[in-house]
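Beneath this line is the structure, given in structure tokens, with notes to follow.
Residue numbers (the numbering used here), protein chains in the order written: chain F, 1 to 98; chain P, 1 to 388.
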């Protein structure tokens, strides 16, 4: 069970609270986590990653255990603390504009 | 009992304004999709309770929302639990998947170089006249998409974007947007669209092939002011009883065509400035039209700080200013291209929204105005539904 914290606007879009929980039956990476998240909440498709290319949208960032992992490989293993659910995986909108 | 429902898209959410047929007491419902930009909302003429909305964000991209109860509740088409239970692989979460057909190619950029076509957002949603699940979307970078399943999936009508002139289309200040879609009610295979800054186009075969219809337009900013494409058309309007007559608010100039866009002539005449964005037609008088003159392309606000709607009862050329109830000093708002609409009660109601967050209504065809709301976020679009 991985805990995911979504930015405000995606919470309202998916009609969820502060944190969602996603089951993963395969190795935990950013890609597999986002695949599972989008399976559970299809309305999030295209909002975090581009349709087709699955590239992270430019103004979206990923944080794990206090580290910005936005630029890490999407296939890199997630930290144990994320996989065990001790720490949430943060999806954030970049600070941009006023 | 009849009533009015106004769908207001703003920079920070959607609002639904409702009234009975007296049009005096208004209920304001919203914001829906708070914090998101709502470029446009429009109801189906087949089923007015079916409403489509374009919800966008610079962070999270495009979302399509749909209501089946007149705007009380909303869903992203194809993402409901019922859809996910579909036995034959019902589309999931593809309602915001606007993918150009084939290799997108390039168009002209601001500096004259070629630039790849990139989807940014849906500017305008036009529900079709034949079925509530059938809807068109005009997008930036300019292209036309169609959905026949209530917005769950979208397919580009790529004959438009792939027109030979595509590499010569260029973005206006607001981006290269397809912002106007008009369906001929007497022949639904005939559709008119307008693009900033490419011009107006027409299909007579339901969207397979397209023809630029810009003869008679004159745009000083272009190297060739009468070129086939490149004109910054801001809006086109049509009366459903007279679909071969079109009215256009161009970047500068108010224009008219009486042959389905094959040729245009200027009807600006005594307007104090012929720059502006919206143009609309009276519900019962096909020769009565409305514009909101704006000072210039460099100063997007009314002349002299006076918010004035201009009405012509002669299909152009003889314009009268309409000011009663509108601010006549220190007013520096704009009225954007999709932010004017009419109802079909008698007398005809006329409505528009401003970048200052006001929505003004006239119950008497424009003779007098009053604000329904004054302090919404900047208004991007106004669509009116007359409910039976």
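Every residue gets a Cβ at the ideal spot worked out from N, C-alpha and C, and that includes glycine.
Query	Result
Residue 22 (chain F) at chain P interface by Cβ criterion, 8 Å	no
7 Å Cβ cut-off: residues of chain F touching residue 122 (chain P)	Simply none; closest approach about 12 Å.
Residue ranges of each alpha helix (DSSP H) within the segment 34 to 98 of chain F, 4 or longer	80 to 83
CA-to-CA distance, residue 239 (chain P) to residue 7 (chain F), given in whole angstroms	44 Å
Residue 221 (chain P) classed as buried or exposed, judged by whether at least 16 other C-beta atoms fall within 10 angstroms	exposed
Test item: CB-CB of residue 295 (chain P) and residue 369 (chain P) under 8 Å	no
Reference residue 34 (chain P); option with closest CA among P:386, P:381, P:377	P:377
Three CB pairs or more closer than 8 Å across the segment 149 to 161 of chain P and the segment 90 to 105 of chain P	yes
C-beta atoms of residue 30 (chain F) and residue 62 (chain F) nearer than 8 Å	yes
Bridge-paired residues (DSSP) for residue 29 (chain P)	P:16
Inter-residue Cα distance where the pair is residue 85 (chain F) and residue 11 (chain F)	19 Å
Cβ contact (3+ pairs, closer than 8 Å) linking the segment 336 to 349 of chain P and the segment 378 to 385 of chain P	yes
Backbone CA spacing between residue 61 (chain P) and residue 46 (chain F) [nearest angstrom]	7 Å
Chain-ordered chain F contacts of residue 63 (chain P) [CB-CB under 9 Å]	13, 43, 46, 47
Rounded separation between residue 469 (chain P) and residue 43 (chain P) - CA only	Given a span of 1 to 388 for chain P in the structure shown, any question on residue 469 (chain P) remains unanswerable.
Own chain residues within Cβ distance below 6 Å of residue 70 (chain P), not counting five before or after	49
Residue 93 (chain P) at chain F interface by Cβ criterion, 8 Å	yes
Cross-chain neighbours of residue 59 (chain F) in chain P, by beta carbon under 7 Å	58, 59
Inter-residue Cα distance where the pair is residue 20 (chain P) and residue 351 (chain P)	15 Å
When P:255, P:202, P:128, P:15 are compared against residue 317 (chain P), the one with the closest alpha-carbon	P:255
Interface flag, residue 17 (chain F) vs chain P, CB-CB below 8 Å	no
Beta carbon proximity, residue 169 (chain P) to chain F, threshold 8 Å	no
Interface partners of residue 51 (chain F) on chain P, CB under 7 Å	97, 99
Sequence-distant residues of the same chain with beta carbon closer than 7 Å to residue 321 (chain P), five excluded per side	308, 310
Counted within 10 angstroms of its Cβ, other Cβ atoms place residue 110 (chain P) as buried (16 or more) or exposed	exposed
Assigned secondary structure, residue 19 (chain F) (DSSP; H/G/I helix, E/B strand, else coil)	strand
Identity of the residue in P:212, P:241, P:286 nearest residue 261 (chain P) by Cα	P:212
Where residue 126 (chain P) falls: helix, strand or coil (DSSP)	strand
C-beta atoms of residue 67 (chain P) and residue 73 (chain P) nearer than 8 Å	yes
Stretch-stretch touch, CB-based, cutoff 8 Å, three pairs: the segment 175 to 186 of chain P with the segment 232 to 248 of chain P	yes
Chain-ordered chain P contacts of residue 38 (chain F) [CB-CB under 8 Å]	93
CB contact check: residue 263 (chain P) to chain F, cutoff 8 Å	no
Start-to-end residues for the alpha helix (DSSP H) that takes in residue 239 (chain P)	Unbroken run through residue 239 (chain P): none, as it is neither H nor E.
Residue 279 (chain P) burial status per 10 Å Cβ neighbour count (16 or more: buried)	buried
Contact belief for residue 314 (chain P) with residue 293 (chain P) at Cβ below 8 Å, rounded distance in angstroms	In fact, because the Cβ distance is near 17 Å, the residues do not count as touching under 8 Å.
Neighbouring residues, chain F, relative to residue 154 (chain P) (Cβ below 9 Å)	What residue 154 (chain P) touches in chain F: nothing, since even the nearest Cβ is about 11 Å away.
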